[in-house]
Structure formats: structure tokens, C-alpha cells
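In the working numbering, the protein residues as written are 203 to 421.
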């Protein structure tokens, strides 16, 4: 239905997949391809500091200080180096713009890597794409915990059940679905943007406009 809220993740949805950039960075500095993913998700310290940084409970510097010795790299500027060269994804940027133009409130719902350091969102002109921007360390909440989903839905002005949520992480998608959102696990496969368009009523709205144009032209 027209006016349904759309919530989009940042890394991996509005940009290319971060795992690819992490792998490239590891190769550039002579590390195993999965070294960063292992450090962040497969060690107790990595999981703990990631969660704390995402929720704004420790600064980005703590994130770098934890990660650096595990990788054998200097801590200074590590997040900035790892995040360089993650290009925007044109098809989802276009989706956000068209959804807003059709009257669907659009929000960004993103986990960050903490504040006080490199701003991974610089250069993406989020204000031009979104009505609302919800960044984890700014609001002190993080995905996949439900409160940040509820906060984002409230900010776009709809109930969670009236939101379509798009994320590349299954745990986040699961929480969205538990809250009643129509949640899409974004993998970059063909047809997923069209699926989101249908869920928010964008394709139906476009078809009605096109039909009206045909009718007018025939009069």
C-alpha cells in the first residue's frame, strides 16, 4: 500500500558488501582473507567490543585498539583504511529516491563502528536519500535488538507492522520479522529491488500512473 515505511540498512544494502571490502583489505596488507571477520565475530573480545562500539558505549578508538593486535597492524586509522573504497549501490539509492517521491517515508537503520573517529557515512549524502537517519552509536541502541527497530519505525511515522525492512544480516532480518515487519534478506540477487517495490506498493503506484497516462492520451 502507498505510504508504507521503508527502512534500509547501510553497509551491504546502500553500499557494496562490506565483507568484500574487508577481504580486499586483508589481501592488500598480507593477511588471510577472513582475518577481520574472524577477529570481529569469532572471538569473545571481538564480539564484545563490536557490540559496545555499535551501541555507542565505547569510542571507535577502542574498536581499533582491540582489532589491531589481532591483525598485527597499527591501530591508528584502521577503521578508515578498512572502509576506504566501499562504493554506493546505485539500485538501492534509486529505490530510496523513488520511494520518497511516491510518498513512502524512508529511513536508514544502521549499525556503526562507534563514534569519535572515522565517519563511514561521509560522502553518501544521506539527507538526499532518507527522511530519517538512525545510527546505532548516536541513539545508543543496536541491531538486532528490537528497541532500535521500534525507534526507527516511530521516526518514519508508522507502526513496525507497516514497515518494510531490508538488511544483509540474517539476525537483523529475523528481529524485523518478529516485530511484524516485512523483512527482506538482501543478498544482491536479481529481483530483490522489485520485491521491495512490490512490498511498499511502489510498483502498483507506478502502474496506476502509467495507466492514467494511457487513458489521458487516448481522450
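C-beta atoms are modelled at their ideal positions from N, C-alpha and C, and glycine is treated no differently.
Specify the secondary structure class of residue i as computed by DSSP and reduced to three states.
{"i": "residue 215", "result": "coil"}
{"i": "residue 339", "result": "helix"}
{"i": "residue 227", "result": "helix"}
{"i": "residue 248", "result": "helix"}
{"i": "residue 309", "result": "strand"}
{"i": "residue 432", "result": "Any answer about residue 432 is impossible in this case: the structure gives the chain only from 203 up to 421."}
{"i": "residue 207", "result": "strand"}
{"i": "residue 235", "result": "coil"}
{"i": "residue 334", "result": "strand"}
{"i": "residue 421", "result": "Its pLDDT being 34, under 50, residue 421 is placed unreliably by the model, and the measurement read from it follows with that caveat. Three-state DSSP puts residue 421 in coil, outside helix and strand."}
{"i": "residue 277", "result": "coil"}
{"i": "residue 296", "result": "helix"}
{"i": "residue 379", "result": "helix"}
{"i": "residue 321", "result": "coil"}
{"i": "residue 259", "result": "coil"}
{"i": "residue 316", "result": "coil"}
{"i": "residue 344", "result": "coil"}
{"i": "residue 222", "result": "helix"}
{"i": "residue 271", "result": "helix"}
{"i": "residue 285", "result": "helix"}
{"i": "residue 327", "result": "coil"}
Considering only DSSP beta bridges, list what residue i is partnered with.
{"i": "residue 351", "result": "Per DSSP, none; premise fails for residue 351."}
{"i": "residue 387", "result": "369"}
{"i": "residue 290", "result": "217"}
Quick one: is residue i buried, meaning 16 or more other Cβ sit within 10 Å of its Cβ, or exposed?
{"i": "residue 249", "result": "exposed"}
{"i": "residue 255", "result": "buried"}
{"i": "residue 340", "result": "exposed"}
{"i": "residue 389", "result": "exposed"}
{"i": "residue 231", "result": "exposed"}
{"i": "residue 237", "result": "buried"}
{"i": "residue 337", "result": "buried"}
{"i": "residue 278", "result": "exposed"}
{"i": "residue 400", "result": "exposed"}
{"i": "residue 252", "result": "buried"}
{"i": "residue 305", "result": "exposed"}
Just tell me which of the options has its CA closest to the CA of residue i.
{"i": "residue 382", "options": "389, 393, 355, 371", "result": "355"}
{"i": "residue 265", "options": "314, 219, 220, 221", "result": "314"}
{"i": "residue 179", "options": "343, 299, 268", "result": "This structure cannot settle anything about residue 179, because the visible part of the chain is limited to 203 through 421."}
{"i": "residue 396", "options": "224, 368, 284", "result": "368"}
{"i": "residue 235", "options": "225, 302, 365", "result": "225"}
{"i": "residue 219", "options": "272, 274, 262, 239", "result": "239"}
{"i": "residue 247", "options": "323, 229, 350, 271", "result": "271"}
{"i": "residue 322", "options": "307, 309, 334, 290", "result": "290"}
{"i": "residue 366", "options": "269, 403, 288, 221", "result": "403"}
{"i": "residue 241", "options": "399, 261, 267", "result": "267"}
{"i": "residue 308", "options": "221, 359, 385, 400", "result": "359"}
{"i": "residue 303", "options": "293, 333, 282", "result": "333"}
{"i": "residue 284", "options": "233, 357, 391", "result": "233"}
{"i": "residue 221", "options": "245, 288, 282", "result": "288"}
{"i": "residue 318", "options": "362, 281, 327, 331", "result": "281"}
Could one say the Cβ of residue i lies closer than 8 Å to chain B's Cβ atoms, at least one of them?
{"i": "residue 299", "result": "No chain B appears in the structure shown, which is made up of a single protein chain."}
Do three or more CB pairs link the region 294-313 to the region 205-217 at distances below 8 Å?
The region 294-313 makes contact with the region 205-217: 3 or more CB pairs, one atom from each, lie closer than 8 Å.
Should the region 211-223 be called in touch with the region 310-325, which here means at least 3 C-beta pairs below 8 Å?
Flag = yes, the region 211-223 and the region 310-325 touch.
Contact between the region 344-351 and the region 369-376 is defined here as three or more beta-carbon pairs at a separation below 8 Å; is this criterion met?
Touching, yes, given that three or more Cβ pairs across the two stretches are closer than 8 Å.
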